[in-house]
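Student: Mind looking over this structure? Questions follow.
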Amino acid sequence: MVLEATYGWYWVADVLQAAGARVHLAHPLGVKGFAYRRVKNDIRDAADLADLLRMGRLPEAWIAPPQVRELRELAAGTSALAGQARRFALRAEGPGAHRASSPLASRKVRGGAHC
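The following block contains the structure:
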């Protein structure tokens, strides 16, 4: 069975693999050549992916195990929180911060640590 690497593909892959299906994930850059067609629809895409798999020419992406995907999501969340902390710190140090009544306004805050 071939899946396109679109948003949420991993939920479908997990269910299919748990049911015993052999799942292949089509690499997005390898199949982007489908864009040249004048007629583009899901039925045509599915037929082309099935043909590529049958001929052994399907460009595949790695299907990371659920544990690896969970670690990636945690890392992405941590990175997003760090970015929010930096934006908050810059706002606290910005113009007019010396007039604010917040205790953070009188401190320099960088990278989440109070200096």
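Sequential numbering from 56 applies to the sequence shown in the numbering used here.
C-beta atoms are modelled at their ideal positions from N, C-alpha and C, and glycine is treated no differently.
Everything numeric in this text was worked out from a predicted model, so none of it was measured.
(1) Count Cβ pairs between the segment 75-89 and the segment 57-65 that sit closer than 8 Å; are there 3 or more?
(2) Count the other CB atoms within 10 Å of the CB of alanine 144; is the residue buried (16 or more) or exposed (fewer)?
(3) Whole alpha helix (DSSP H) runs in the segment 74-137 with 4 or more residues, listed along the chain?
(4) Figure out for me which residue from Pro121, Ala102 and Pro114 has the closest Cα to the Cα of glycine 85.
(5) Starting from the Cα of proline 120, find the closest Cα among Ala68, Gly63 and Arg146 and give me that residue.
(6) Residues in the same chain with beta-carbon distance under 8 Å from tryptophan 64, minus the five sequence neighbours each way, listed in chain order, please.
(7) Output needed for arginine 171: all residues of its chain with C-beta closer than 7 Å, excluding positions within five of it in sequence on either side, in chain order.
Tutor: Reading from the atomic positions:
(1) yes
(2) Looking up residue 144 in the sequence shown gives position 89. Label assigned to alanine 144: buried.
(3) 97-109
(4) Taking the sequence shown and counting its residues from 1, the one referred to as residue 85 is at position 30. The shortest C-alpha separation from glycine 85 is found at Pro114.
(5) Along the sequence shown, read from residue 1 onward, the residue named residue 120 stands at position 65. Ranking the options by Cα distance to proline 120, first place goes to Ala68.
(6) Taking the first residue of the sequence shown as position 1, residue 64 is located at position 9. Around tryptophan 64: Leu58 and Leu80.
(7) This structure cannot speak to residue 171, because the chain is shown only from 56 to 170.
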